[in-house]
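The end of the sequence shown is residue 288 by our numbering, with every number in the run present. Heads up, the beta-carbon is just placed ideally off N, CA and C, and yes, glycines get one too. Below is one structure, written out as structure tokens, with a few remarks after it.
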Amino acid sequence: MSYFTNKTVYITGAASGIGFETAKQLIQQGSNLVLFDVQPLDDVVSTLQTMNKHNALIAGYDLDVTDAAMTTTQIAAAAHEQAPDILMHFVGITGPWTFDEMSQEQFERVMNINVFGTRNVLAAVRPFLSRGKQVMVTASMSSFTGSYGYSSYSASKFAVWGMMQSLSFEWKPLGIDITVFAPPPIDTPLTQSEVGVMSKAGVGMKKLAGELKIENAVKSMLKGVEKREFLVVPGVMANLIRLQLRFFPVKWVNWIGNTTVALSMKK
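In structure tokens:
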């Protein structure tokens with residue numbers, strides 16, 4: 022028996038990346054899984070069923086988080102069948118373009134998915150959350166520090182961080198615990214999509230935080246949820262950067278970033 026055994030976990034963005042890896046680790050612990058994604062989930066459900074040694078529930082729902090009405094309808098339909106104990110929200114996209122190269126449409130798409138999509142999911146699941154329930158939302162190290170080529174992504178993740186801090190103040194007295202997962206780069210289809218798009222300077226700054234294996238990052242996140250921690254930052258380098266942001270002057274942090282950009286551009 023683990024902490025997650027017999028708990029019903031809603032996972033958004035479950036078709037790939039961190040969401041899919043989380044589903045794989047949880048099904049082995051006997052969690053009931055309710056999966057949501059805009060991508061088809063048939064293959065994901067089939068894969069999870071082969072790992073389902075506890076005969077847990079596995080259900081899948083189509084979901085576009087930018088559609089508030091659809092999000093409300095789909096989560097309500099899922100809750101009618103099986104109410105959530107924990108929501109784990111992973112839907113998000115990057116925006117690996119410099120500000121000067123980015124169109125308004127690209128900027129708005131990042132904000133719509135990462136910020137408004139998160140809001141839509143939280144609003145839809147809120148009627149089904151009561152004392153003892155939990156919410157885990159994926160932020161990023163970019164929630165705390167900007168990076169070259171990440172003006173849209175950092176703006177969205179700063180917003181998610183602020184939203185979740187505020188919601189923690191509102192929901193904690195009601196017995197609903199929030200965890201914010203703020204990892205450094207993880208080897209997922211999301212980060213792989215940046216290859217050949219992000220500039221050398223952006224790649225150089227990302228390397229400062231190091232890249233984690235997806236299995237280890239998810240294990241750290243699940244431990245944080247089990248302990249009901251508010252913030253989970255996996256990885257040694259990511260935590261060093263987090264401490265640096267807390268204790269060093271902004272001009273020092275910016276000097277490191279500017280130096281990294283300059284050196285990257287010379288390569």
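So residue i and residue j are in contact, right, with Cβ under 8 Å, and what is the actual spacing, rounded?
{"i": "A145", "j": "I96", "result": "4 Å"}
{"i": "I114", "j": "N135", "result": "7 Å"}
{"i": "F57", "j": "L84", "result": "4 Å"}
{"i": "T166", "j": "I262", "result": "7 Å"}
{"i": "S189", "j": "F269", "result": "Not a contact, Cβ separation roughly 26 Å."}
{"i": "S163", "j": "Y171", "result": "6 Å"}
{"i": "Y24", "j": "E191", "result": "The Cβ separation is near 25 Å, so there is no contact."}
Using a threshold of 8 Å, state whether the C-beta atoms of residue i and residue j are closer than that.
{"i": "G138", "j": "V112", "result": "yes"}
{"i": "A176", "j": "M132", "result": "yes"}
{"i": "L195", "j": "V156", "result": "no"}
{"i": "M185", "j": "I199", "result": "yes"}
{"i": "I32", "j": "I235", "result": "no"}
{"i": "F128", "j": "S168", "result": "no"}
{"i": "K244", "j": "I197", "result": "no"}
{"i": "A100", "j": "F179", "result": "no"}
{"i": "N1", "j": "Q125", "result": "The first residue shown for the chain is 22 and the last is 288, placing residue 1 beyond what the model contains."}
Determine the closest residue to residue i out of the options, with distance taken between C-alpha atoms.
{"i": "P206", "options": "N237, L195, M185 and A180", "result": "N237"}
{"i": "G34", "options": "Q60, L47, T26 and T166", "result": "Q60"}
{"i": "V257", "options": "A104, P204 and S177", "result": "P204"}
{"i": "Q70", "options": "D88, K154, I48 and L84", "result": "I48"}
{"i": "T26", "options": "F179, S67, V65 and N73", "result": "N73"}
{"i": "S151", "options": "G170, P105, Q46 and Y174", "result": "P105"}
{"i": "S161", "options": "S67, N260 and E129", "result": "N260"}
{"i": "S241", "options": "Q50, A99 and F202", "result": "F202"}
{"i": "D64", "options": "K244, A36, G153 and Q50", "result": "A36"}
{"i": "Q92", "options": "H101, L143 and Q127", "result": "Checking the sequence shown, residue 92 turns out to be Thr, not Gln. Among H101, L143 and Q127, the Cα nearest to that of T92 is on L143."}
{"i": "V55", "options": "V30, E42 and L62", "result": "V30"}
{"i": "G51", "options": "I32, T94 and H75", "result": "H75"}
{"i": "H110", "options": "V239, F268 and S124", "result": "V239"}
{"i": "V181", "options": "V158, S172 and I197", "result": "V158"}
{"i": "S67", "options": "Q125, R267 and F41", "result": "F41"}
{"i": "R249", "options": "K193, F149, V86 and A100", "result": "K193"}
{"i": "P255", "options": "D121, F149 and E232", "result": "E232"}
{"i": "V86", "options": "E122, E102, E126 and R130", "result": "R130"}
In the DSSP assignment, the alpha helix (DSSP H) including residue i goes from what residue to what residue?
{"i": "M254", "result": "The sequence shown places Val at residue 254, not Met. No alpha helix (DSSP H) contains V254, which DSSP labels as neither H nor E."}
{"i": "K240", "result": "I235 to E247"}
{"i": "N141", "result": "G138 to V146"}
{"i": "T43", "result": "G38 to I48"}
What are the boundary residues of the beta strand (DSSP E) that residue i is part of?
{"i": "T29", "result": "T29 to T33"}
{"i": "F57", "result": "N53 to D58"}
Hey, which unbroken runs of the alpha helix (DSSP H) at 4 residues or more fall wholly within the region 160 to 211? 172 to 192
Restricting to runs no shorter than 4 residues, where is the alpha helix (DSSP H) found entirely within the region 68 to 130? 89 to 102
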